[in-house]
Every structure is written in structure tokens, then in C-alpha cells.
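So for the sequence shown, our numbering puts the first residue at 12; every next one is plus one.
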Amino acid sequence: MTSNERRCRVCGCTEQQACPGGCSWVGPDLCSSCAAAAGPGAEDAMAVVVRQRLLIAGSSIKLSRTEAVVMQVLVAAPDRLVEVEALHAAMYPGSKPPSRESNVLQVLVSRLRRKLTAAGHKHAIETIRLRGYRFVMPQGGTQ
């Protein structure tokens, strides 16, 4: 690959090695396959989850499968409370979620906060005591 060749920030495809089935460019560093997977407006969104990656204000953060599920729910409701029960339902579809006393979600959110902080987004997830979490959409730059 030459140093000036375009590369998708999500999947890493290039003009020479496109995604399986083909793709085109919808942004300077986003291919049509990844934009389609993220949904409408992905190229303009400040935060979107695609293929276990959080794309947020110019950063790309690798996520585990469960982290991606939780971030997808939070990102879909920017600046709004997402109840613990809604996050548990997304994490455990079709099965019984853990009890309220379980700390699985808190540990997962702690890991997400560490990753977000490392990328310059320290206050992106707020805790709403005894209720849930809120994703605070970045306002253009890093927080």
C-alpha cells in the first residue's frame, strides 16, 4: 500500500483490496460496507458502533462483543438515560439477565470508560445513580 492510499478506519479495506462483495467511499476514511452496517448518517455521526469498533469524534476504539452491544444501545440514545434493565436485555437477549446486585454491567462500563479516556473522551459515559447510564455525545473535539 502506498502512503497516500485511502484506508477505511473500520475494516481497513483499501482501493486495491475492497471489502468482500465490493465497496466504495462514502467519506474520506469510511467505506460503503461499514457505513451501511452502521446505518444511515454514519459518515456524519459523532459516534457510531460498527463491527466491534466505536468510531467517536475521529477516534476508532476496538471493543469486545459485549462492549459493542452496550455502546450501541448508549450511542442510540445520546444524552438520555438508558436504564440498567435495557442494557441487561441487550447483553442477554432471550435469556434471564443477572440480578440488580450483579456487578457485570458496572465492570463492563468501567472498561469502556478506560478505553474512552485513553482516546480523549473522559466523560463520555455518565452514571445515573441506581437507574442507569447516559452517553454524552462529544461536541466536536475531545472532552
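Every residue, glycine too, gets a C-beta built ideally from N, C-alpha and C.
One thing to note: residue 46 has its Cβ within 7 Å of the Cβ of residue 37. In the same chain as residue 85, and ignoring 5 residues on each side of it, the C-beta atoms closer than 6 Å to its own belong to 93 and 146, in chain order.
Taking a 10 Å sphere around the C-beta of residue 111, we find fewer than 16 other C-beta atoms and assign the residue as exposed.
Residue 97 sits in a helix when the DSSP states are folded into three classes. Residue 64 counts as buried, since at least 16 other C-beta atoms from the protein chains shown sit within 10 angstroms of its C-beta. Within the DSSP secondary-structure output, residue 144 pairs in a beta bridge with 93 and 138. Cβ neighbours of residue 82 within its own chain (closer than 7 Å, five residues either side excluded): 60, 65, 74 and 123. For residue 134, the closest C-alpha among the options 62, 77 and 126 is that of 126. Taking residue 143 as reference, the option from 31, 131 and 91 with the minimal CA-CA separation is 91. Remark: C-beta atoms of residue 80 and residue 100 do not approach each other more closely than 7 Å. Here DSSP, grouped into helix, strand and coil, assigns residue 73 to strand. For the options 115, 40, 76 and 62, the alpha carbon positioned closest to that of residue 18 is the one of 40. Taking C-alpha positions only, residue 31 is separated from residue 42 by approximately 12 Å. Residue 113 and residue 89 have their C-alpha atoms roughly 25 Å apart.
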